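So the protein lines, in turn, are chains C and U. For the first sequence, my numbering gives the first residue as 32, with consecutive numbering after it. For the second sequence, my numbering gives the first residue as 4, with consecutive numbering after it. See below for the structure under consideration.
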Amino acid sequence: MFLGLSFVAVVIGLPLAAVFTEALRKGLGAYFTAISDEYALQAIKLTFLVAAISVPCNLVFGVAASWAVAKFEFLGKRLLVTFIDLPFSVAPVISGLVYVLLFGAHSILGEWLIENDIQIIFAVPGLVIATIFVTFPFVARELIPLMEEQGTEQEEAALLLGASGWQTFWKVTIPNIKWGLLYGVLLCNARAMGEFGAVSVVSGHIKGSTNTIPLHVEILYNDYNFVAAFAVASILTLLALVTLLLKRAVEIRTHENDK
Amino acid sequence: MNIALRKPSVIPGFGLSLGFTLTYLSLIVLIPLSGLFLKTFTLTWEKFWIEVTDERIMHAYYITFGCSFIAALINVFFGLIMAWILVRYRFPGRKFLDSVVDLPFALPTAVAGIALTALYAPGGWIGKYFEALGIKIAFTPAGIVIALVFISLPFVVRTVQPVLEDMEHEIEEAAASLGATRWQTFTMIILPHISPALLTGFAMAFARALGEYGSVIFIAGNMPMVSEIVPLIIITKLEQYDYAGATAIAVVMLVASFVLLLIINLLQKWSQTRTVKD
């Protein structure tokens, strides 16, 4: 018991404490200067932008995929689920590499992109696509078991009573899965904002235009600007803690509903 | 014989949902991943082999696979303890501890990286004690192991926890009434019951640790032949525009990840048949 608790305290608690200690090492003034620095603010804006695009995309996909998988029986269903899980087992760096190969200057599409003056890799669209890839399975993984468990009876009943397809979807299915949806979105968002490896590969690392918060933290750290690095990192840490809190809240709510 | 491609259903939206799903899946996942494999085919076998067996890269494989293995092993031990505490004991702050276990999941890897480096560097809170003993942690493979332990911790805990929770107490009580000691009960009754979950957790932790980049590069020191991990080599090659080399190494890692994924799926199936039998 003591062993376990001290393990957690050391392995998890200490790093958490370290982030905030280092961030505040030079006092609150330096902290606020660091996070309101122009490049930091742009990194924050970019992170939010990328998340604001990737999360809804994967949300729509997750709902569509789980509708197809949970409400129907068809050949190849298990294969589909395995494919959906693929991004989970691909290392983040490889996820980024895959898109550099697809859209980079030396790729098949590369020449066409250059001709049409479209910049994907080393620009924001590349960041968005790489983030969509790595956060791809989150919502679907949450919803598929949930919807499979709920079955099709309620939807069939609604249809029998005369509801249209969309009415059934919005008024019967969505309320049933709303906590699973929220949970999936939470995890998806946390990963989207914190992703490092994949975006590191596709980003141009250009301060102020292609840097997300994690990349900015890296730049600051490599410049030996430790206080600023930890200050910006603390934003993400707070986000992680909020995510955990919300996760807990959703878990409590779902248990209430089960009762 | 009746082979139906799809069971008939009154529920609408099959075409729309499956169509959208497949399109999105192909565009985002399948086509890019196949692009990776196709690119590898532009290399001849010989060149491919030279690329992936270069000495520096072999060392990196050794570091990556070795440190991931050790980290996953450590997590099996402590993960089991954690799951045990969370399931078998009631104490104030238990729910808090339960949520805290998920922190490595939620915390961005770069943040974990710099925090761990700050802790284990020679001047850090933990590092300075080891420094006094003459042991270097940060900037050595030991640091890599610590970072990997951090980020793969939740996997073992989360796979073992449900199995422990679902275990019926009667079996243990029966063993005790037949005269088994606590240790015997543990090794002969409980451990075999949870070993599929433990193995699955190990495999998942191992797989996660293999691909880890963000939390490792800060604490690793990244010296070739000593503390360089495979994802870093991929990025270095990309920066040098050696796309072929980067792709070759990536394919090796990808194949390893897919094999692991297969093993994990099989383990999960095995574990399900075990519990159904019980």
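We treat Cβ as the ideally placed atom computed from N, Cα and C, and that holds for glycine. Predicted model, so just to flag it, every value in this text is computed and none were measured.
Under a three-way DSSP split, which group does residue i fall into?
i               : result
F103 of chain C : coil
R9 of chain U   : strand
Q164 of chain U : helix
F44 of chain U  : coil
A115 of chain U : helix
A124 of chain U : coil
K139 of chain U : coil
Y132 of chain U : helix
Y62 of chain C  : helix
F94 of chain U  : coil
Q271 of chain U : helix
D254 of chain C : coil
N220 of chain C : helix
L267 of chain C : helix
P157 of chain U : helix
F227 of chain C : coil
P15 of chain U  : coil
D68 of chain C  : coil
S20 of chain U  : helix
K278 of chain C : helix
A183 of chain U : coil
D105 of chain U : coil
S37 of chain C  : helix
H247 of chain C : helix
R284 of chain C : helix
K57 of chain C  : coil
E173 of chain U : helix
T241 of chain C : coil
Applying the 10 Å Cβ sphere with the 16-neighbour rule, what's the burial state of residue i?
i               : result
D105 of chain U : buried
N242 of chain C : buried
M256 of chain U : buried
W210 of chain C : buried
K240 of chain U : buried
T112 of chain U : buried
S29 of chain U  : exposed
I138 of chain U : exposed
T162 of chain C : buried
A83 of chain C  : exposed
P282 of chain U : Here chain U covers residues 4 to 281 and nothing more, so residue 282 of chain U does not appear.
L21 of chain U  : buried
G283 of chain U : The requested residue 283 of chain U does not occur in the structure, where chain U is confined to residues 4 to 281.
P206 of chain C : exposed
T113 of chain C : exposed
F80 of chain U  : exposed
R211 of chain U : buried
Y27 of chain U  : buried
I244 of chain C : buried
Leaving aside the five residues before and after residue i along the sequence, list all residues of the same chain whose C-beta is less than 8 Å from its C-beta, in chain order.
i               : result
W52 of chain U  : none
T120 of chain U : G127, A141, G146, F221, I222
V258 of chain C : E53, A54, R56, K57, A61, Y62, A65
E231 of chain U : R59, H62, A63, I66, A223, N225
I144 of chain C : Checking the displayed sequence, the identity of residue 144 of chain C turns out to be Leu instead of Ile. Cβ within range, chain order: F134, Q150, I151.
L270 of chain C : A221, M224, G225
F108 of chain U : P157
M4 of chain U   : Low local confidence applies: a pLDDT of 47 at M4 of chain U is under 50, so the model's placement there is unreliable, and no value is given.
T274 of chain C : L217, L218, N220, A221
If I measure Cβ to Cβ from residue i and keep anything under 7 Å in the same chain, skipping five residues before and after, which residues do I get?
i               : result
V203 of chain C : Q185, E186, A189
T250 of chain U : L39, K42, T43
S274 of chain U : P199, A200, T203
V55 of chain U  : A251, I252, V255
E134 of chain U : P125
V233 of chain U : A63, Y64, T67, I252, M256
I192 of chain U : I174, E175, A178
R97 of chain U  : L89
L25 of chain U  : none
Quick one: residues in its chain with C-beta nearer than 6 Å to the C-beta of residue i, no 5 flanking neighbours on either side, listed in chain order?
i               : result
A150 of chain U : L119, S218, V219, I222
I152 of chain C : V131, F134, G135, V233
D101 of chain U : L89
Y252 of chain C : A260
Using a beta-carbon distance below 8 Å, is residue i in contact with chain A?
i               : result
Y246 of chain U : The structure shown contains no chain A; its protein chains are C and U.
In chain order, which continuous runs of the alpha helix (DSSP H) of length 4 or greater are located wholly inside the region 150-216 of chain C? 155-166, 168-181, 184-191, 196-199
Any alpha helix (DSSP H) of 4 or more consecutive residues that is wholly inside the region 30-86 of chain U: List check, alpha helix (DSSP H) in window: 34-43, 48-55.
For the region 83-146 of chain C, list the alpha helix (DSSP H) runs that are entirely contained and at least 4 residues long, ordered along the chain. 108-120, 123-134, 139-146
Residue ranges of each alpha helix (DSSP H) within the region 189-262 of chain U, 4 or longer: 194-214, 217-223, 233-242
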